[in-house]
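Data block below; observations after.
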Amino acid sequence: MKRTIEIAIVDDHQMFADGLAHLICGLNNSYKCTCITSPLEAIRMIGGGHRFDLVISDLIMGSMNGIAFVKTLRGRGAKMPVLIVSGINTAPPIEEALRLGAQGFLPKSASSEMLKEALDTVFSGEIFLPPQLWNAYEKNSGSLNSNRNIVGITDLKLSQRQLEVLHLVSEGYSNKEAAGVLNVSENTVKTHVKRMFKLMNVNTRAACVRKAQSLGLIS
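The letter at position 1 of the sequence shown is residue 0 when you use numbering that gives the first Met the number 0, and the numbering goes up by one with no holes.
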């Protein structure tokens, strides 16, 4: 029997929270969502011992924004991942959110497929950003400074999932084939490959494999 996965949706718009909860529960029957319309109430519940496996928080709320909410949770010792959703058109404060302990950003315009990808990524212990936000983040601040789920080899740092993708690339798997093996979207694999290319300063899969072999990442 599957363990119930408790997800808190913190959003001061009840209709959006209810709709998101319905969508999430339709993705996996082990998901159970609790909608909370006040971040202060969410802090009270979590501080009172209510266990959540994931908190999904709106960025803009009346009583407290999502960044302050994450900061408060972390300041009180809460360890569960927090995924921030945002409907604003301007670039969200990605760097600050990740520095304070958020696990990623998801636009409210995202498809159900991207929502599933975000949940899978966060539950695997990695950070989720849509491709356009990855590009903006890397352009503005370089690679992640997070120490979560990072494996360091010499001066190169790859996440556990990137190492898995790297091994499949070295064995000749296409992005689509690797996605099937890892049970993630092809876009997720493409993102990992792109970041590995940047970290290794290479432009081709063959060069990536050779560089990884020279660093002892793969044999």
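Cβ coordinates follow ideal geometry from the N, Cα and C atoms, glycine included.
Residues near Leu128 by beta carbon distance below 8 Å, same chain, minus five either side: The residue given as residue 128 occupies position 129 in the sequence shown. Excluding positions up to five away in sequence, the list reads Ile93, Gly103, Phe104, Tyr136.
Bridge partners of Glu5, per DSSP? Walking along the sequence shown from the start, residue 5 turns up at place 6. Answer is Lys31, bridged to Glu5.
Using 8 Å as the threshold, is the C-beta distance between Val208 and Val183 below it? As a first step, residue 208 is located in the sequence shown; it is residue number 209 there, counting from the start. As a first step, residue 183 is located in the sequence shown; it is residue number 184 there, counting from the start. No, Cβ-Cβ distance for Val208 and Val183 is not below 8 Å.
Cys34 versus Thr3: straight-line alpha-carbon distance, rounded: The residue you call residue 34 lines up with position 35 of the sequence shown. The residue you call residue 3 lines up with position 4 of the sequence shown. Going by the C-alpha atoms only, they are around 16 Å apart.
Quick test of the definition: if touching needs 3 or more C-beta pairs under 8 Å, does the stretch 2–19 touch the stretch 57–70? Enough Cβ pairs lie closer than 8 Å, so yes.
What does the Cβ neighbour count give for Ser218, buried or exposed, with the cut at 16 atoms within 10 Å? Walking along the sequence shown from the start, residue 218 turns up at place 219. The residue in question, Ser218, is exposed, as its Cβ has fewer than 16 Cβ neighbours within 10 Å.
Can you give the Cα-Cα distance for His49 and Ser173, rounded to whole angstroms? As a working mapping, residue 49 is identified with position 50 in the sequence shown. As a working mapping, residue 173 is identified with position 174 in the sequence shown. If I take the Cα positions, the gap works out to 43 Å.
Start and end residues, beta strand (DSSP E) containing Asp57: Numbered from 1 along the sequence shown, position 58 holds the residue referred to as residue 57. Per DSSP, Asp57 belongs to the beta strand (DSSP E) from 53–57.
Exposed or buried, which one is Thr190 when buried takes at least 16 other CB atoms within 10 Å? Translated into positions along the sequence shown, residue 190 becomes position 191. Counting every other CB atom within 10 Å of its CB across the protein chains shown gives Thr190 a total of 16 or more, marking it as buried.
For Cys20, which residues of its own chain have a beta-carbon under 6 Å away from its beta-carbon, when the five flanking residues on both sides are left out? For the purposes of this step, residue 20 is taken as residue 21 along the sequence shown, with counting starting at 1. The amino acid occupying residue 20 in the given sequence is Ala; Cys does not appear at that position. Within the same chain, Ala20 has close Cβ partners Ile8, Cys32, Cys34.
I'd like to check one pair, Leu99 with Ile55: are the Cβ atoms closer than 8 Å? Here residue 55 refers to the residue found at position 56 when the sequence shown is read from its first residue. Here residue 99 refers to the residue found at position 100 when the sequence shown is read from its first residue. Not a contact, by the Cβ cut-off of 8 Å.
Exposed or buried, Ile87, counting other C-beta atoms within 10 Å across all chains shown (16 or more means buried)? Working through the sequence shown from its first residue, we reach residue 87 at position 88. Answer is exposed; the Cβ neighbour count stays below 16.
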